[in-house]
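*Asks:*
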Amino acid sequence: MQNDPDFNKLVFAIARSIPKGRVTSYGAIAKALGKGNLSRMVGRAMGLVNEEKKPVPFQRVVNSQGYLTGDPRHIAVRRKLLEKEGVEIKNDKVVNFRNIFWDPSEEIDL
DNA sequence: AGATTGACGACGC
DNA sequence: TGCGTCGCCAATC
């Protein structure tokens with residue numbers, strides 16, 4: 001239960017705005033929302049995507065290091081989806097992360 | 001109600 | 001450049 005449904009909503013909206021074959025970080029999304037310090041909350045919100053009816057490409061959201069953190073089982077799923085989109089993964093890490101990194105703040109433009 | 005953890009990030013050394 | 005520590009906000013124990 002989040003006290004800020006809007007925050008969660010925005011997170012999902014941005015996640016769906018991520019171009020295919022691109023990835024972004026939790027901090028980038030939080031920052032785009034003006035809550036750069038809520039990076040952790042973004043990740044937590046993603047865990048609730050399970051309750052979302054609409055498909056959210058949460059697999060395109062990784063940490064600032066480009067690593068797929070979380071439960072190993074979830075990591076495997078995300079990795080598969082990313083590779084399917086053309087994103088190369090190595091050791092649970094996005095290859096060329098800096099190259100395919102997508103900054104939501106440039107698209108959302110608060 | 002208080003303490004701890006967590007899909008993170010930034011800073012310091 | 002890499003490892004260690006602190007800080008944030010909310011949820012969970």
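Mapping to the numbering used here: the first sequence position 10 is 10, numbers consecutive. All residues carry an ideal CB built from backbone N, CA and C; glycine is no exception.
Within the continuous alpha helix (DSSP H) that includes E51, where are the two ends?
*Replies:* No alpha helix (DSSP H) holds E51; DSSP gives it neither H nor E.
*Asks:* Taking DSSP as the reference, what is the three-state secondary structure of S25?
*Replies:* The answer is strand: DSSP assigns S25 an E or B state.
*Asks:* Cβ of D66 within 7 Å of Cβ of K90?
*Replies:* According to the sequence as given, residue 66 is Gly; it is not Asp. No. Outside cutoff.
*Asks:* Just the Cα atoms here: how many angstroms apart are D103 and L48?
*Replies:* Rounded to the nearest angstrom, the two C-alpha atoms are 23 Å apart.
*Asks:* By a C-beta neighbour count over all protein chains shown, 10 Å radius and 16 as the cutoff for buried, is A76 buried or exposed?
*Replies:* The residue is exposed, with fewer than 16 neighbouring Cβ atoms inside 10 Å.
*Asks:* Could you give the distance in angstroms between the alpha-carbon of I100 and the alpha-carbon of R79?
*Replies:* Taking the straight line joining both Cα atoms gives about 15 Å.
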